[in-house]
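Report on the following structure.
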Amino acid sequence: MQNPCLETTLYILNRVVQYMEEAQLPKIAVSACLLGEQVRYNGGHCNHRLLQSVSKNIETIPICPEVGIGMGTPRPTIRLVHEDEKIHLIEPKSGTDYTEDMMNWSELQSDFLLKQRISGIILKKDSPSCGLERVKVYHNGNPRKEGQGVFAMVFTSLNPQIPAIEEGRLNDAVQMENFFARVGMMHRWWERDEQGWTLASLQQFHSEHKLLLQSRSPNAPAALGRLISNHSDHHPQQLALEYITLAQSHMNTIVQRKHVAGALRRAVGRLPETISGKASTTSSFMD
């Protein structure tokens, strides 16, 4: 029996990839256990069906921070522990503190992934290394779901422009579509980045993405336009990075019908008169 959510997910992702019209697939870093690699603490994996289904549409780069710092498989569990007003990554059984090792590895891996020009990252929820939110932090032996995995924290702090999501949120078609729309924009930014940025090319990139941005956040096109005009004296490469970072923050908003309708009205208004006349009937359904 087919899964309607999965079918919807595949349809949307295929449309996003078709829209890109590039030969090179977007690169997405993924927690290795979600790709079926047996790297979990118990020697198992968390193979995610959706990621297997969309693998032909993306190029995946597997990562496992715990294996990366030299921990074996299987291995004792580790946890986040609040001590001395700081968060530590501890193996409770032996008391070994892996915080410094994980921080150092995370910084190096974050730099490596950026050089690979990844357009997104999908991480394992609840993991003390990879979890993006609500990871257990132990206070005097009592867990509170208030933390962020060490690698996830380092990566997102260093690279706020890269879309990041936990695998559980991909089961929601709306959140999945939002993530891959952001991946698509990031991928196109990387493609333009390879040619080198000029003020003119950044203005062109902004023009090409105005409607997409407006469909997510009505104020985004104006805010990004001001960024370009107010900082035109900045080096184009730096300005382009500032642009995509702000754009991704605006794009990280669940789409609302009224915002999409507004973007569609604007698109219809740009059509030649002979076409827009025919489109007026369609436009009325947005009201």
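First residue of the sequence shown: 1, per the working numbering; consecutive thereafter.
No residue lacks a Cβ here, since even glycine has one placed at the ideal position from N, Cα and C.
Remark: C-beta atoms of Trp-189 and Gln-237 do not approach each other more closely than 8 Å. Taking C-beta atoms as the reference points, Gln-248 and Pro-143 fail to come closer than 8 Å. Ranking Ile-228, Ile-28, His-48, Thr-73 by CA distance to the CA of Tyr-41 puts Thr-73 first.
Under DSSP, Gly-147 takes part in a beta bridge, and its partners are Val-135. In this structure the stretch 144–161 does not lie against the stretch 198–211, because fewer than three pairs of beta carbons, one per stretch, are closer than 8 Å. Leu-170 sits close to Leu-50, with the two beta carbons spaced by under 8 Å.
The beta carbon of Ser-106 lies closer than 7 Å to those of Pro-65, Val-150, Phe-151, Val-154, Phe-155 in the same chain, with the five residues before and after it left out. For Val-30, the three-state secondary structure derived from DSSP is strand. When the Cα atoms are used, His-139 and Met-103 turn out to be separated by approximately 21 Å.
Per DSSP, Ile-58 is not a residue of any alpha helix (DSSP H), being assigned neither H nor E. Non-local beta-carbon contacts of Thr-245 in its own chain, meaning distances under 8 Å to residues more than five positions away in sequence, involve Pro-160, Gln-161 in chain order. Beta-bridge partners assigned by DSSP to Asn-219: none are found. With contacts defined by Cβ atoms closer than 8 Å, Ile-28 and Ile-118 form a contacting pair.
Glu-167 sits close to Leu-34, with the two beta carbons spaced by under 8 Å. The Cβ atoms of Val-81 and Ile-90 sit closer than 8 Å to each other. Arg-79 has Ile-90 as its beta-bridge partners, per DSSP. The straight-line gap separating the alpha-carbon atoms of Phe-205 and Asp-172 is approximately 29 Å.
For Ile-118, there is no enclosing alpha helix (DSSP H), as DSSP marks it with neither H nor E. Just so you know, the alpha carbons of Ile-121 and Gly-141 end up roughly 31 Å apart.
Here Val-174 is exposed, its C-beta having fewer than 16 other C-beta atoms within 10 Å. Going by beta carbons, Ile-61 and Leu-108 fall outside the 8 Å limit. Residue environment: Ala-222 is assigned as exposed (fewer than 16 neighbouring CB atoms within 10 Å of its CB, all protein chains considered).
For Ile-165, the uninterrupted beta strand (DSSP E) segment begins and ends at 164–166. Under the three-state reduction of DSSP, Asn-104 is assigned to helix.
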